[in-house]
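Peer 1:
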Amino acid sequence: AQSVAQPEDQVNVAEGNPLTVKCTYSVSGNPYLFWYVQYPNRGLQFLLKYITGDNLVKGSYGFEAEFNKSQTSFHLKKPSALVSDSALYFCAVRDEAAGNKLTFGGGTRVLVKP
Amino acid sequence: EAQVTQNPRYLITVTGKKLTVTCSQNMNHEYMSWYRQDPGLGLRQIYYSMNVEVTDKGDVPEGYKVSRKEKRNFPLILESPSPNQTSLYFCASSQDRGSVSNQPQHFGDGTRLSIL
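Chains as they are written, first to last, in the numbering used here: chain S, 41 to 154; chain V, 3 to 118.
Written out as structure tokens, the structure reads:
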């Protein structure tokens, strides 16, 4: 069965500092990996995805993520965090061998302080 | 504007009183799905639909029903709601370009249900 782990419930970072949100996954086939962001009282918004190819994926709002197959990780990064990046972030995975089921991690709350 | 619309946004009701949460998308997407969001558990898939009249169970289908009679609509039905179904619910849709697996999903803004 596929699974996703986000080991940190919350990440605190000062504005202007680098931001990293961790994600590890487990699948039996090839993974399709996604990051979503959720702002208060809103649905999830797609940030970026890894399907195949370059391990460094660039997405919306200056975010990027690095796919590491040997460590089964897909950490989300931003070089310089903004206060407006404060939100709830979800990592998700689809196992190519498991059809269309999308499995989410538990979410990481990011708080960027001025 | 491309969007997924859920109604109602908020509902407080009592145990056993049937309710339906509607979901509609205007992007002509084949794939639609329902999730529930609970603290620390992320989003868990309830049901999904690959196309009209094609539905399948997700990870937590017990106590829920769905139907897909039209491409744009995917209602979630709670025949006899119970307090453990108090949660935040999201509907999502995505395009099916040969494989839905690598397509990002578009989410509605959520429905907060409280079952007393």
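We put the beta carbon where it would ideally sit given N, CA and C, even for glycine.
Here the structure is a predicted model, which is why all the values come from computation and not from measurement.
When DSSP builds the beta bridges, which residues end up paired with D135(S)?
Peer 2: As a first step, residue 135(S) must be located in the first sequence, where it is residue number 95. Per DSSP, P71(S).
Peer 1: Are Y129(S) and T112(S) close, meaning C-beta to C-beta below 9 Å?
Peer 2: Within the first sequence, residue 129(S) is the residue found at index 89, counting from 1. Within the first sequence, residue 112(S) is the residue found at index 72, counting from 1. Not closer than 9 Å, so no.
Peer 1: Which of the three DSSP states is assigned to G100(V) in this structure?
Peer 2: Taking the first residue of the second sequence as position 1, residue 100(V) is located at position 98. Here G100(V) scores only 49 on pLDDT, less than 50, and its place in the model should not be relied on; the value that follows carries that caveat. DSSP places G100(V) in coil when its eight states are reduced to three.
Peer 1: Of the choices R82(S), F114(S), Y101(S), whose alpha-carbon is the least far from that of V67(S)?
Peer 2: Reading the first sequence from its first residue, position 27 is the one you call residue 67(S). Cα-wise, what sits closest to V67(S) is F114(S).
Peer 1: Using CA atoms only, rank isn't needed, just tell me which of P41(V), R114(V), Q105(V), R74(V) is closest to S26(V).
Peer 2: Stepping through the second sequence from its first residue, residue 26(V) is reached at position 24. Out of P41(V), R114(V), Q105(V), R74(V), R74(V) has the C-alpha closest to the C-alpha of S26(V).
Peer 1: Can you give me the Cβ contacts of K98(S) inside the same chain, cut-off strictly under 8 Å, excluding the 5 residues immediately before and after it?
Peer 2: As a first step, residue 98(S) is located in the first sequence; it is residue number 58 there, counting from the start. So the qualifying residues of the chain are L88, E104.
Peer 1: Going by DSSP, what residues sit across from R38(V) in a beta bridge?
Peer 2: Numbered from its first residue, the second sequence carries residue 38(V) at position 36. Beta-bridge pairing links R38(V) to R46(V), Y91(V).
Peer 1: Could you confirm whether any beta carbon from chain S is found closer than 9 Å to the beta carbon of R70(V)?
Peer 2: On the second sequence, position 68 is the one that residue 70(V) refers to. Not one chain S Cβ lies under 9 Å of R70(V).
Peer 1: Where do the N-terminal and C-terminal ends of the beta strand (DSSP E) with D58(V) fall, by residue?
Peer 2: Start at 1 with the first residue of the second sequence, and residue 58(V) comes out as number 56. Per DSSP, D58(V) belongs to the beta strand (DSSP E) from 56-59.
Peer 1: Mind listing which residues of the region 78-91 of chain S have their C-beta closer than 8 Å to chain V's C-betas, in chain order?
Peer 2: Against chain V - using a Cβ distance shorter than 8 Å - the residues of the region 78-91 of chain S are N81, R82, G83, L84, Q85, F86, K89, I91.
Peer 1: With three or more beta-carbon pairs closer than 8 Å as the criterion, would you say the region 87-95 of chain V touches the region 54-65 of chain S?
Peer 2: These segments do not touch.
Peer 1: Specify the secondary structure class of Y129(S) as computed by DSSP and reduced to three states.
Peer 2: Position 89 of the first sequence, counting from 1, holds the residue named residue 129(S). Of the three classes helix, strand and coil, the one that applies to Y129(S) here is strand, per DSSP.
Peer 1: Output yes if chain S places a C-beta closer than 9 Å to the C-beta of H108(V); else output no.
Peer 2: On the second sequence, residue 108(V) is found 106 positions in, with the first residue counted as 1. Output row for H108(V): interface = yes.
Peer 1: Quick check on this structure: which residue in G145(S), G146(S), K141(S), V150(S) has the alpha carbon closest to the alpha carbon of Y33(V)?
Peer 2: As a position in the second sequence, residue 33(V) is number 31, starting the count at 1. The shortest Cα separation from Y33(V) among G145(S), G146(S), K141(S), V150(S) belongs to K141(S).
Peer 1: Answer yes or no: does any C-beta atom of chain V fall closer than 9 Å to that of T143(S)?
Peer 2: Counting from 1 along the first sequence, the entry for residue 143(S) is found at position 103. Output row for T143(S): interface = yes.
Peer 1: Based on the DSSP secondary-structure assignment, which residues constitute the bridge partners of S110(S)?
Peer 2: Here residue 110(S) refers to the residue found at position 70 when the first sequence is read from its first residue. Looking at the DSSP assignment, S110(S) forms no beta bridge with any residue, so it has no partner.
Peer 1: Looking at the structure shown, is K20(V) part of a helix, part of a strand, or coil, going by DSSP?
Peer 2: Locating residue 20(V) in the second sequence gives position 18, counting from the first residue. Looking at K20(V) - three-state DSSP - the assignment turns out to be coil, as it is neither helix nor strand.
Peer 1: For F76(V), write down the residues that DSSP places opposite it in a beta bridge.
Peer 2: Residue numbering aside, residue 76(V) sits at position 74 when the second sequence is read from its first letter. DSSP output for F76(V) lists no bridge partner at all.
Peer 1: Look up N53(V) in the DSSP assignment and say whether it is helix, strand or coil.
Peer 2: Walking along the second sequence from the start, residue 53(V) turns up at place 51. Reduced to three states, the DSSP call for N53(V) is strand.
Peer 1: Taking DSSP as the reference, what is the three-state secondary structure of S66(S)?
Peer 2: As a working note, residue 66(S) is residue 26 in the first sequence. Strand.
Peer 1: Mind checking whether E48(S) and V123(S) have CB atoms under 9 Å apart?
Peer 2: As a working mapping, residue 48(S) is identified with position 8 in the first sequence. As a working mapping, residue 123(S) is identified with position 83 in the first sequence. No. Outside cutoff.
Peer 1: Span of the beta strand (DSSP E) holding Y12(V)?
Peer 2: For the purposes of this step, residue 12(V) is taken as residue 10 along the second sequence, with counting starting at 1. Y12(V) -> beta strand (DSSP E) spans 12-15.
Peer 1: Once you ignore the five residues that flank V62(V) on each side, which residues in its own chain have a CB closer than 6 Å to its CB?
Peer 2: In the second sequence, counting from the first residue as 1, residue 62(V) sits at position 60. So the list reads R46, I48, once near-sequence residues are dropped.
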